[in-house]
Amino acid sequence: MKKVSKVFVSLVLLLSFCPTLIGTEQASAKVVTSSSESLEKVFQQESMVYIDPSYGGVLTSTSDLYGMLNQAKKQYNKMRKEIVESHDVNKETQLTLLDSLYEERITKGLVGYIDAMNYATKYLDPIMEQIHVAEQTGNLDELEKEYHKLSYQLKERTSILYRFRGKVTRDLIVSKYKLPADSKRAELIIPVTIIMKTNEAELYLREGKVEEARKVILLVEGLMTNLPANSTKLVLSTLTKKVVDIEKQLGTQSTPVPNTGSEAEVRISTIQDVIVKQGYALPTTVAAKMSNGSTRSYSVLWPKQSTLISGEFTPEIQVNGKTYIIHLSVVENINYQNAMSLQSIVETLPELIAVNNYEDINTAIGLFGSLNDEGLSFVTEEVKNKLERLVQMMEDQLKVANVIGKINSIPDVTELSATNVDSIMETKLAFEELSEQLQLMIPTALGDKLKASIEWVALHTEKQALIQAANDALSNLPSLVNVQTENLETIQTLITEIQGKIEVALSKGATLENFPNYSAYQNVIVKVEALKVQQAIASLTGPNDLKLIEIRNRYNSLSEEQRSFISNYSKLLVFEDATKFSPITLNEHGEVQLPYTVDVEILGDNGWTYTDGLLKAPISETGRVSTVQLKLSLDGNSWTSNEFDIVIPATDLQAPIAKVGFPHTLNMTKNSVAVEMAFDEKVNVQALLVEGDGANDPTIDELISAVGSYKRLATIEEDSSQSFTFEGLSVGKTYTLFYFAEDELGNKMKNLAKYSFSIPNVSTLESLAVSNFDYATIYASQAVLISKPMGSSNFQGNSKKFTINDGVNTINVDLYWNIPQNEYATTPAMSIGSAVESYIQMNNLYGRATWAGSFGGDTFRIGTFNIGKSSFVHVSGPNWNDFFDTDLAIGSDEDTSKNRSFSVNDGFNIAEINLNDDYYTMDQLLESLNSQLISANVKVEAIKKNDNHFVLIATELNVHITVDGKDKNDFFN
Numbered sequence: 001m002k003k004v005s006k007v008f009v010s011l012v013l014l015l016s017f018c019p020t021l022i023g024t025e026q027a028s029a030k031v032v033t034s035s036s037e038s039l040e041k042v043f044q045q046e047s048m049v050y051i052d053p054s055y056g057g058v059l060t061s062t063s064d065l066y067g068m069l070n071q072a073k074k075q076y077n078k079m080r081k082e083i084v085e086s087h088d089v090n091k092e093t094q095l096t097l098l099d100s101l102y103e104e105r106i107t108k109g110l111v112g113y114i115d116a117m118n119y120a121t122k123y124l125d126p127i128m129e130q131i132h133v134a135e136q137t138g139n140l141d142e143l144e145k146e147y148h149k150l151s152y153q154l155k156e157r158t159s160i161l162y163r164f165r166g167k168v169t170r171d172l173i174v175s176k177y178k179l180p181a182d183s184k185r186a187e188l189i190i191p192v193t194i195i196m197k198t199n200e201a202e203l204y205l206r207e208g209k210v211e212e213a214r215k216v217i218l219l220v221e222g223l224m225t226n227l228p229a230n231s232t233k234l235v236l237s238t239l240t241k242k243v244v245d246i247e248k249q250l251g252t253q254s255t256p257v258p259n260t261g262s263e264a265e266v267r268i269s270t271i272q273d274v275i276v277k278q279g280y281a282l283p284t285t286v287a288a289k290m291s292n293g294s295t296r297s298y299s300v301l302w303p304k305q306s307t308l309i310s311g312e313f314t315p316e317i318q319v320n321g322k323t324y325i326i327h328l329s330v331v332e333n334i335n336y337q338n339a340m341s342l343q344s345i346v347e348t349l350p351e352l353i354a355v356n357n358y359e360d361i362n363t364a365i366g367l368f369g370s371l372n373d374e375g376l377s378f379v380t381e382e383v384k385n386k387l388e389r390l391v392q393m394m395e396d397q398l399k400v401a402n403v404i405g406k407i408n409s410i411p412d413v414t415e416l417s418a419t420n421v422d423s424i425m426e427t428k429l430a431f432e433e434l435s436e437q438l439q440l441m442i443p444t445a446l447g448d449k450l451k452a453s454i455e456w457v458a459l460h461t462e463k464q465a466l467i468q469a470a471n472d473a474l475s476n477l478p479s480l481v482n483v484q485t486e487n488l489e490t491i492q493t494l495i496t497e498i499q500g501k502i503e504v505a506l507s508k509g510a511t512l513e514n515f516p517n518y519s520a521y522q523n524v525i526v527k528v529e530a531l532k533v534q535q536a537i538a539s540l541t542g543p544n545d546l547k548l549i550e551i552r553n554r555y556n557s558l559s560e561e562q563r564s565f566i567s568n569y570s571k572l573l574v575f576e577d578a579t580k581f582s583p584i585t586l587n588e589h590g591e592v593q594l595p596y597t598v599d600v601e602i603l604g605d606n607g608w609t610y611t612d613g614l615l616k617a618p619i620s621e622t623g624r625v626s627t628v629q630l631k632l633s634l635d636g637n638s639w640t641s642n643e644f645d646i647v648i649p650a651t652d653l654q655a656p657i658a659k660v661g662f663p664h665t666l667n668m669t670k671n672s673v674a675v676e677m678a679f680d681e682k683v684n685v686q687a688l689l690v691e692g693d694g695a696n697d698p699t700i701d702e703l704i705s706a707v708g709s710y711k712r713l714a715t716i717e718e719d720s721s722q723s724f725t726f727e728g729l730s731v732g733k734t735y736t737l738f739y740f741a742e743d744e745l746g747n748k749m750k751n752l753a754k755y756s757f758s759i760p761n762v763s764t765l766e767s768l769a770v771s772n773f774d775y776a777t778i779y780a781s782q783a784v785l786i787s788k789p790m791g792s793s794n795f796q797g798n799s800k801k802f803t804i805n806d807g808v809n810t811i812n813v814d815l816y817w818n819i820p821q822n823e824y825a826t827t828p829a830m831s832i833g834s835a836v837e838s839y840i841q842m843n844n845l846y847g848r849a850t851w852a853g854s855f856g857g858d859t860f861r862i863g864t865f866n867i868g869k870s871s872f873v874h875v876s877g878p879n880w881n882d883f884f885d886t887d888l889a890i891g892s893d894e895d896t897s898k899n900r901s902f903s904v905n906d907g908f909n910i911a912e913i914n915l916n917d918d919y920y921t922m923d924q925l926l927e928s929l930n931s932q933l934i935s936a937n938v939k940v941e942a943i944k945k946n947d948n949h950f951v952l953i954a955t956e957l958n959v960h961i962t963v964d965g966k967d968k969n970d971f972f973n
């Protein structure tokens, strides 16, 4: 039993921060529509309005909250109306989730806080104020009256202070209002008992019952020695004066000494009363005052019972053979009184406790802690063992409640940030400290939420480590001015390392904002790419270097900023300029007669100029040579060398010719085609597509003058190709492309060329007649019992009782008072539903499986949190049929019997078609079909033939449609 004493201290600490369990798995669910997700954020914000200030020790005034509450109600009613009026097959589920959300965030949040504050300020505060006035004025009657009011409130009604979300706020309200009230009640227990007993003694005196008054005042005298030290001076002095006045009245009364025989030979005028504290040994003698004024001691004859007082006795003394009865006053000592109170409380507590038993357990713990060894001896071992079990059970429940409160305080995973990491890890530690059995008491949804939050922390921690690694690498990057060609290789290696680390961090959820030096890193990359081009230019050996074109393209792709980093651009220009010659005329052998002078284009100081260049053969050659053997000699320029090996283009006299294999078709579909063209040299080409096989060729002039969507003009480079795309074509038809080309020197094709192709027919499949479009899943539902219309919530003098059974709990409902309406419960049904919900919560808040409430109107509901046929609500008892037409509601399992499925195969991919909704019309059915075909990348489209038939048609030419699957015969032959 030592554990109880230790737990007495630990529980005081635990209760100061442990949250009341709120909500269920169902209450934490979200409405699945985007609108209700938005509404949840509003509910969340409004439920936090009173929580946030609590962290600073401030309780929000309820007058500031009614406007927000009304706005939340309007938004909730608007959303509910939209769902009710929608045709969504899931709307019942959505309504349930929306109602649960409102219940969790508003009813148990904002409304609960308003109720708690109104109760604290309108009930507890005024009573405490009246008690203070009574203490200051010494008004004992008023003090007794207000004490009883306070006791009733603390025992019966203060649970309202725990019925809303927000542990910090609840703790603040309790510390400001309830704890002072508890302390005041404890302080007044003995003073009020003395007031009541002195009033009783005065009544006895007025009725002439002196002995009864004497017994009472002896008890009062014992209590006076135990008055709390913190009682106000005025109360102490007033009580003391009242007791002294009564004692004086008793002192003036004669104390008769009854006897069983004749007058004693030696007359005894007064016998000292025997005052015994219950539980103590009886005295063996008593003092008697004799008629002559002397005092004698006489032995007391006790009945043959226990030597400890445990009941009422009639002790006697004998004087000279005469028997005299002694007046016995039994006074309960405080240890015995506390021990008996402890025993009574523990014996009445159930073996399986709930929240509403915590106050009694704490009272029992306090009583146990106040007992000394003598007091403990009055408590049975059975009671001690039971109290230890209940304390352990309460401690376990509070630990579970603490974890649940912590989990509830964690935001949704989508809203987590670095500021939540510590609280999540603290919650994880608290959860792991629970035994496996206690962990099972955490609702599944909350357990999943904690698991997801812990996983988020792991990912967040990993992400932060990756971000740090990337930033560490970025810190090693040299400044822009230190990026030079000499260290380019080292910098490029570092860039590759940094890029890899940044990409890994980004894949784990990081953003570029996590890398402060990313902009500097990008600037280094810009300069590095420019310096790479500078290195490439430096590596050029002459105008015929094969890398010349590649380097020019790389240079052209650079930005102006990058080009500013390149210091040898003139070398690139010189090498390019040396190949710009005027045309050379060759003889019939493809040779040139030397010497030969050509015009060469070079870059001078003032832009482009022309100069003469002398063509000559290599030193070992004379006379006529082929162009590939020529050298160019340019005198008088600033080049590093005045001779270069060159290839001089000869004069072109031939018309362009299409390359082998061109034209040809690309990407042919059922209504479009691309035709690709390429030639042996750079050309300007005109093309015209006509329907038919080309039997009636147009002339060149007709082609050139033609206009329209099928006419094409293009310039095609020598080593390139060009594709022309034509739309709006039809399957099963032949088309011919006529084209005409001309090169840069004016050489033209003498005749039109043509290219013909056909678009084959596509695969199709027509459906059977479809007359029913309802393939919807009927989702599992809760068991919900809907009441009859409720015209009144006044049961005063006409109480109604019924019992709720949900397979987990049995809840006895007794409606015996006039349940009021207010701005939150505006109809009798809403008031009754709220009262029934209170009974459910009081029965087993943490293990409840049922809810009750009204969504407006004249009915209320009792429903289960779980769904499926295994969930039920059964009502019984004397008055259940005053509220319900039927006594049983059963949930339903999910029904997929109307679902249909089949597959569509295009020879490459397969779409698994699942129809699980009510589509109402052919158009809506086809919308779902096409969405699933597109998602599976199947090249098939479903089109409407009429209101009861559709056709599957291939969207590409090489597709053959086949169907299969469980329900294919419902749709196709």
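Each residue of the sequence shown is one higher than the one before, counting from 1 in UniProt numbering. Glycine is no exception: its CB is placed at the ideal position from the N, C-alpha and C atoms. It should be emphasised that the depicted structure is a prediction, and the values quoted were computed from it without experimental measurement.
Check                                                                                                                   : Outcome
Proximity winner among ASP917, PHE902 and TYR824, relative to TYR66 (alpha-carbon distances)                            : TYR824
Contacting residues, own chain, Cβ-Cβ under 8 Å from ALA538 (five flanking each side not counted)                       : ASN568 and LYS571
Cβ distance (whole Å) where ASN973 is taken to contact LEU768 below 8 Å                                                 : 7 Å
Range covered by the alpha helix (DSSP H) that runs through MET677                                                      : Counting along the chain, MET677 falls outside any alpha helix (DSSP H), though it belongs to the beta strand (DSSP E) covering 672-677.
Beta-carbon proximity of ASN822 to GLN796, cut-off 7 Å                                                                  : no
Own chain residues within Cβ distance below 8 Å of GLN535, not counting five before or after                            : THR485 and LEU488
DSSP three-state assignment for LEU888, whether helix, strand or coil                                                   : strand
First through last residue of the beta strand (DSSP E) which encompasses ARG712                                         : 711-716
First through last residue of the alpha helix (DSSP H) which encompasses VAL383                                         : 381-409
Boundaries of the beta strand (DSSP E) in which ASN805 is found, first to last residue                                  : 800-805
Contact under 7 Å by Cβ, ALA714 with LEU688                                                                             : no
PHE431, DSSP secondary structure in three states                                                                        : helix
Supposed close pair LYS800, LEU815 - CB separation, criterion 8 Å                                                       : 5 Å
TYR816 (DSSP reduced to helix, strand or coil)                                                                          : coil
Cβ pair GLY863, SER781 closer than 7 Å                                                                                  : no
Touching by the beta-carbon criterion (3+ pairs, under 8 Å), the stretch 452-462 and the stretch 412-425                : yes
Boundaries of the beta strand (DSSP E) in which ASP743 is found, first to last residue                                  : 733-743
Residue environment, TYR147, which counts as buried when at least 16 other CB atoms sit within 10 Å                     : buried
Burial state of ASP906 (16 or more Cβ within 10 Å)                                                                      : buried
Close Cβ partners of ILE704 (< 8 Å) along its chain, the five nearest in sequence each way excluded                     : GLN686 and PHE740
Buried/exposed call for TYR920, threshold 16 Cβ in 10 Å                                                                 : exposed
Outcome for GLN841 when other beta-carbon atoms lying within 10 angstroms are tallied against a minimum of 16           : buried
C-beta contact flag for GLY366 and ALA339 at 7 Å                                                                        : no
Cβ neighbours of LEU933 in the same chain (closer than 6 Å, five flanking residues each side left out)                  : ALA911 and VAL940
Under the three-state DSSP convention, the category THR158 falls into                                                   : helix
PHE908 burial status per 10 Å Cβ neighbour count (16 or more: buried)                                                   : exposed
Reduced DSSP secondary structure (H/G/I, E/B, other) of GLY853                                                          : strand
Residues of its chain near ASP697, where Cβ-Cβ distance is below 8 Å and the 5 sequence neighbours each way are ignored : PHE738, LEU752 and LYS754
Identified DSSP bridge partners for HIS949                                                                              : ASN946
SER341 to SER370 span [Cα, whole Å]                                                                                     : 12 Å
For TYR824, three-class secondary structure by DSSP                                                                     : coil
Test item: CB-CB of ASN514 and ILE549 under 7 Å                                                                         : no
Counted within 10 angstroms of its Cβ, other Cβ atoms place GLU103 as buried (16 or more) or exposed                    : buried
C-beta atoms of SER721 and GLU676 nearer than 7 Å                                                                       : yes
CB contact flag (MET117, THR169, <7 Å)                                                                                  : no
Residue from GLY877, LYS384, ASN969 and VAL904 with nearest C-alpha to VAL770                                           : ASN969
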